[in-house]
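Just so you know, the protein sequences line up as chains A and B, in that order. Going by the working numbering, the first sequence opens with residue 1, and the numbers climb by one from there. Going by the working numbering, the second sequence opens with residue 1001, and the numbers climb by one from there.
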Amino acid sequence: MTVIPLFHVLILSTLLFAIGFIGVVARKNTLFILMSLEIMLNAVGVAFIGAGSVWQQADGQVMFLLILTLAAAEVAVGLALLIRMQKKYRSLDIDLLNQMKG
Amino acid sequence: MMSIASNSQPLLTMTMASAILPQLIIAFGITLALLLVAWKRSQRTIALFTFLTLFIALLANVSLQAMPATQVTQLLKVDGYSTFAFSLILISALVALRMSHSFLKAHVEVHDEYYLLLLLLVLGAGVLVASDHFASLFLGFELLSISLVGLVGYHRESNYSVESAFKYLVLSATASSFMLLGIAFIYSVTGDLSFNATIPTAIYHQQGLGLFFQLGLLLFVSGIAFKLSIAPFHFWTPDVYQGAPTPITMLMATISKVAMFVVLLKCIIAQRYLLLENFQLFLTSFAVISMLLGNVMALQQQNLKRLLAYSSIAHMGYLLIVIIVTSAQSLAFTWQSALFYLAAYTVANLSIFIIIALIQQQNTSSLYQEDISLTDLQGLFWRAPSYALLMILGLLSLAGIPLTMGFIGKFYILSQATIAHAWWLIATLIIGSAIGLAYYLPMIFKIFADTPSDTLCDTQKMNGKVKALGGDIIEQVLVYSFITFGLVFGVLPEVINQLIAS
C-alpha cells in the first residue's frame, strides 16, 4: 500500500481553503458566503485528519470532531441572521449591509 | 488526548478541580440557568442568578490567587497570571451585567438568552486564559466568539443589529478558520497539540514542511490578531463597536481583548516562536501599523464608539510591543507589564463605557439607536460632575497622562522596550501617543464646554437629562467606585503589582 505523503495532504487542504476563502470574498449572496465558510472549515479538517494519521494519534480526529461542532454552531447563528436579513431587506445581497460609515 | 487515556492516574484530582473552580462554577451556573428558565421566566430572577454566579466565581477566583501553578490535565494550566486575568474578566462581566439592566428593562419580553450568552462568553474567556493546549484554545475561542455574535445582534429592533452581527460572524468565522489552519499546519510538523511542543529539527528541514510550519505560525497569529483587532485585520472593529449595544461593546473592548492577549502571550512564550526572525519581523510590522493607523483614524471620528474602536486598535499595537521584546527579558517582568497594561486598559474602558451607557439611557429614543456622538459629551461636567470626572479619568488613562494607570502601563512597556533596544518601536509608541492626545484632549475640553441650550424644547430636554443622569443607587456606587479605582491605582500601582506577582 502506498502512503500519501503529508506534503500532498497539506497542499490539498491549502487549495480547498483558498477556494473557500475566494468564495467568502467574492460572493455577493450571504447564503453562499456561509457555504464558503463551511468549505474553509472542512479544508482545515482535511489537514487535521492527514496530520493525525501521519503521527498515528487520535488528536487530529478529535480536532475534526470539534471543528464539525463549531461549523454546526456557526451555521445555526448564521442562518438565524440570514432570516432576519431576509425579513428586513427582502434580499440576501451582502452589499445592502453598508449603513455604517465613518 | 490519547496520552490522557493511557494514563493510569485519575483524570481530575481534587487539586485540579479546585484550580479550575471558577470556571466550573460558571459552567454549572449555565446549566442551572437553563433549568431556571424552564421553571420560571422572570427578568429579575435570571438577572439576580447571573449576578450571583459571576460574583461567587469572582470570590473563588480571588481566593485562588495565591495558589501555585497547577496543570489541569493536558488542556488547562492555571497560574497566578491566568487567575489575575480571569478576575479582570469577571469584574468586566459584572459591570456589563449591571449596565445591560436598563437596556433590557425597556422591553416587555424576558431576556433569558441574553444572560445565558453572557455567562457562556465568560466561560469561553475563562477557558481561554487557562488553556495550555490548542484544543482548549480553540474551544474557548469559539465559545467566546459565537456567543459574542449572538449578543452583538441581540437587539433586533436596532438599525444596525443585522449588519454588525453578520459582519462580525463572517469575519470572525474566517479568522477562526485561519487560526485553525495554522494550528493544523503546526500540528502536522510538530505532532503535538500542547503549547510547549518542541519543533523536531529533523522534520523541520524535510520536504518543505518547514515552509508549512512558518505559514502555519503566520495563519495562527493572524487569526488571533483579528480578535485583538491588530492593524491589517482591524476592519470589522469600528462597525461592530458602533452597531453593538453599548454593554456588549464594553464586553468586546475588555473581556475579548484580555482573554485573547493572555492566551497569545502564553502560547508565544511557551513555544519560543520568537527565535524565528521572520516571525518577529511580522509582529513588529503589525505593531507599528496598528499604533499609527489606529491613532490617525481616530482623529477623524465624530462617533464616540467608533473613536474608541480605533483607539483600541492603537492600544493593542502598544501591547504587542510587550510580546516582541519578550525574549530579551525575564518572563515574570513580561507578564507583569502585560497584565498591568491590560488592567489599566480594562479599567479605563469600563469607566468610559459606563458613562456612554448612562448618557444613552437618559433618553429612551436613542436606546436602540446605537449612535452616540462627541457632541453628546458637551457640557457633561455641568450636568453631572461625578460622571464627567469618571469619563475624564478614563480618557486620561487611555492617553497615558501621569498619575493614571495608563501612564504606569506605558512606562512598563517603554522600560521593557528600552532594555531590548527596540528603538523603532519606542519611536512609534511615542508618536502614536502624541497623536492620541490630539483626540483625547478635545474630548475633555468638550466635557467642560458650555451646555448648548437655545430653544425652549432643548431646555426641557436638558431638565429631563439632569434628572435622568442621576441614575439609580447602584449606578452611582459603580461610578464612585471606579473613580476611586482609577485614582488609587494610578497613584499606588504597587497594589496591582503585588496582586500580579503573588
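Ideal Cβ positions, reconstructed from N, Cα and C, are used throughout, including at glycine.
Other residues of its chain near residue i: CB distance less than 7 Å, five sequence neighbours each side excluded
i	result
Val-54/A	Leu-6
His-1133/B	Gln-1074, Leu-1075, Leu-1193, Ser-1194 and Phe-1195
Ser-1373/B	Gln-1302, Asn-1303 and Leu-1304
Beta-carbon proximity of residue i to residue j, cut-off 8 Å
i	j	result
Ile-1447/B	Ala-1388/B	yes
Ser-1408/B	Phe-1353/B	Reading off the sequence, residue 1408/B comes out as Ile, not Ser. For Ile-1408/B and Phe-1353/B, no; Cβs fall outside 8 Å.
Leu-1193/B	Ile-1224/B	no
Ile-1186/B	Leu-1217/B	yes
Ile-1324/B	Ala-1175/B	no
Leu-1148/B	Ser-1256/B	yes
Arg-1098/B	Leu-1358/B	no
Leu-1292/B	Phe-1261/B	no
Leu-1320/B	Leu-1276/B	no
Ile-1046/B	Asp-1112/B	yes
Ile-1230/B	Phe-1138/B	no
Val-9/A	Val-46/A	yes
Thr-1083/B	Met-1016/B	no
Ile-67/A	Leu-34/A	no
Gly-1394/B	Ala-1348/B	yes
Ile-1146/B	Val-75/A	no
Leu-1398/B	Ser-1311/B	yes
Alpha carbon of residue i to alpha carbon of residue j, nearest angstrom
i	j	result
Thr-1346/B	Phe-48/A	36 Å
Leu-1128/B	Asp-1450/B	46 Å
Glu-1109/B	Gln-1476/B	27 Å
Ala-43/A	Pro-1247/B	36 Å
Asn-1300/B	Ser-1042/B	Note on identity: in this sequence residue 1300/B is Gln, with Asn being the wrong assignment. Going by the C-alpha atoms only, they are around 44 Å apart.
Thr-30/A	Ser-36/A	10 Å
Ser-1249/B	Leu-1143/B	In the sequence as presented, Ser is not what sits at residue 1249/B; that position holds Thr. Taking the straight line from one Cα to the other gives about 17 Å.
Ala-1344/B	Gly-50/A	44 Å
Ala-1410/B	Leu-1403/B	Per the sequence presented here, residue 1410/B reads as Lys, with Ala not at that position. In a straight line, the C-alpha of Lys-1410/B is about 12 Å away from that of Leu-1403/B.
Leu-1036/B	His-1234/B	39 Å
Gln-1460/B	Tyr-1160/B	Confidence at Gln-1460/B is low in this model, with a pLDDT of 45, below 50, so the placement of that residue should be treated as unreliable; the coordinate-derived value is given next. C-alpha separation (whole angstroms): 29 Å.
Gln-1065/B	Ile-1496/B	12 Å
Phe-1220/B	Gln-1280/B	14 Å
Gln-1242/B	Arg-1306/B	6 Å
Trp-1039/B	Ala-1033/B	10 Å
Ala-1244/B	Ala-1165/B	8 Å
Gly-1080/B	Phe-1333/B	13 Å
Phe-1226/B	Asp-1239/B	14 Å
Lys-1167/B	Phe-1049/B	32 Å
Phe-17/A	Gly-1182/B	11 Å
Sequence-distant residues of its chain with Cβ nearer than 6 Å to residue i (five each side left out)
i	result
Cys-1267/B	Phe-1195
Phe-1381/B	Ala-1388, Ile-1447 and Phe-1448
Phe-1482/B	Ser-1351 and Leu-1390
Ile-94/A	Lys-28 and Thr-30
Ala-1085/B	Val-1129, Val-1258 and Val-1262
Leu-1118/B	none
Interface residues of chain C facing residue i [CB-CB closer than 8 Å]
i	result
Ala-73/A	Protein chains A and B are contained in the structure displayed, whereas chain C is not.
Three-state class that DSSP yields for residue i in the structure shown
i	result
His-1111/B	coil
Asp-93/A	strand
Val-1495/B	helix
His-1421/B	coil
His-1315/B	helix
Phe-1235/B	coil
Gly-1406/B	helix
Thr-1015/B	helix
Ile-1020/B	coil
Met-85/A	helix
Asn-1061/B	helix
Tyr-1187/B	helix
Tyr-1160/B	coil
Gln-1378/B	coil
Arg-1098/B	helix
Ile-1025/B	helix
Gly-1126/B	helix
Cβ-based neighbour list, residue i, same chain, cut-off 8 Å, excluding 5 preceding and 5 following
i	result
Leu-1058/B	Pro-1022, Ser-1087, Leu-1090, Ile-1091 and Leu-1094
Ile-1426/B	Leu-1414, Ala-1417 and Thr-1418
Ser-1006/B	For Ser-1006/B, the predicted structure reports a pLDDT of 48, less than 50, and the residue's modelled location is therefore unreliable. A value from the coordinates is still provided. Once the five neighbours on either side are set aside, Ser-1006/B has no close Cβ partner at all.
Leu-1331/B	Ile-1269
Leu-1024/B	Ala-1017
Gly-1400/B	Gly-1406, Phe-1407, Gly-1409, Lys-1410, Ser-1433 and Gly-1436
Phe-1055/B	Leu-1094
Residues bridged to residue i (per DSSP)
i	result
Gln-1071/B	Lys-1077/B
Asn-1303/B	Ser-1373/B
Asn-29/A	Asp-93/A
His-1533/B	With chain B covering 1001 to 1502 only, the question about residue 1533/B has no answer from this structure.
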